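J.: Numbers 1 to 149, taken from full-length UniProt numbering, label the letters of the sequence shown in order.
Starting off with a structure, shown below.
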Amino acid sequence: MTPEPATPATPVIDTHVFVRDGNKLLLSLRGSPYGYGRWHAPSGKLDRGEFLAAGAARELYEETGLSVDPEDLRMVHVVHHKEGQDNDRIGFFFEATRFRGEPVNREPDKCLGLRWFAVDDLPDDLIAYPAAGLLGYLSGTSPLSEHGW
């Protein structure tokens, strides 16, 4: 008997941006059902036909009003995340150290607020999936984390 062929993965592709100003990191407090009341980096789903850095720059602007040139984003970590039985995600995490503007909460229906944190004094209540990317980025030990598997 021939085994059934494997089904190709169709993960959601997410972009996350660690906005860094020296020792400070910008985080947003989640205001929608997933992760409500917990912290994470500005993030969102990549649109079909969009390249990664452009999607990350778009999401950052949509959420915070900060502008960044896609070529100024540096990819710093990747997380392969399993969320439930049928939801795989791949998160690409970028660092932005050159940006324009002041952070403003542009999505008050999804975000309760924005706040700068010292990288050595981050909040304990981070959402687990983006926290895997943040901790991987800060530790610098491996460019890839697997979360939820």
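Cβ atoms here follow ideal geometry from the backbone N, Cα and C, with glycine treated the same way.
Predicted, not measured: the structure shown is a model, and the values here were computed from it.
Taking Cβ to Cβ, would you say residue 150 is nearer than 8 Å to I90?
T.: No answer is possible for residue 150: the residues shown for the chain start at 1 and end at 149.
J.: From the DSSP output, in three-state form, read off S32 for me.
T.: Three-state DSSP puts S32 in coil, outside helix and strand.
J.: For a quick check, are the C-beta atoms of L27 and H40 less than 8 Å apart?
T.: Yes, these two residues count as a Cβ contact at 8 Å.
J.: What do you get for L60, buried or exposed, if any count of 16 or more other CB atoms within 10 angstroms of its CB means buried?
T.: Classification of L60: buried, given that the 10 Å Cβ count is 16 or more.
J.: Taking only the alpha-carbon atoms, compute the straight-line gap between D109 and R48 and give it to the nearest angstrom.
T.: So the alpha carbons of these two residues sit roughly 24 Å apart.
J.: Would you mind stating whether residue 226 and R106 have Cβ atoms separated by less than 8 Å?
T.: Within the shown structure, residues of the chain are numbered from 1 to 149, placing residue 226 beyond reach of any answer.
J.: Counting only the same chain and skipping the five closest in sequence on each side, list residues whose C-beta sits under 7 Å from that of P143.
T.: Around P143: H77 and V78.
J.: With distances taken Cα to Cα, identify the nearest neighbour of T7 among W116, L114, F117 and D86.
T.: Comparing Cα-Cα distances from T7 to each of W116, L114, F117 and D86, the minimum goes to D86.
J.: Near E146, which residues of its chain fall below 7 Å by C-beta distance, leaving aside the five closest residues on each side in sequence?
T.: Contacts found: H80.
J.: For the beta strand (DSSP E) that S145 lies in, which residues bound it at each end?
T.: L144 to H147 is the extent of the beta strand (DSSP E) around S145.
J.: Taking the beta strand (DSSP E) that R48 belongs to, which residues open and close that run?
T.: That residue, R48, is in no beta strand (DSSP E); it is neither H nor E in DSSP.
J.: Scan the UniProt domain "Nudix hydrolase" (8-139) and note each continuous beta strand (DSSP E) run of 3 residues or more that stays entirely inside, going in chain order.
T.: Correct list: 12-21, 24-30, 43-45, 74-82, 88-96 and 111-118.
J.: Between the Cα of L134 and the Cα atoms of V68, L112, V19 and K82, which residue gives the shortest distance?
T.: Nearest option by C-alpha distance: V19.
J.: Once you ignore the five residues that flank A132 on each side, which residues in its own chain have a CB closer than 7 Å to its CB?
T.: Hits under 7 Å: V79, S145 and H147.
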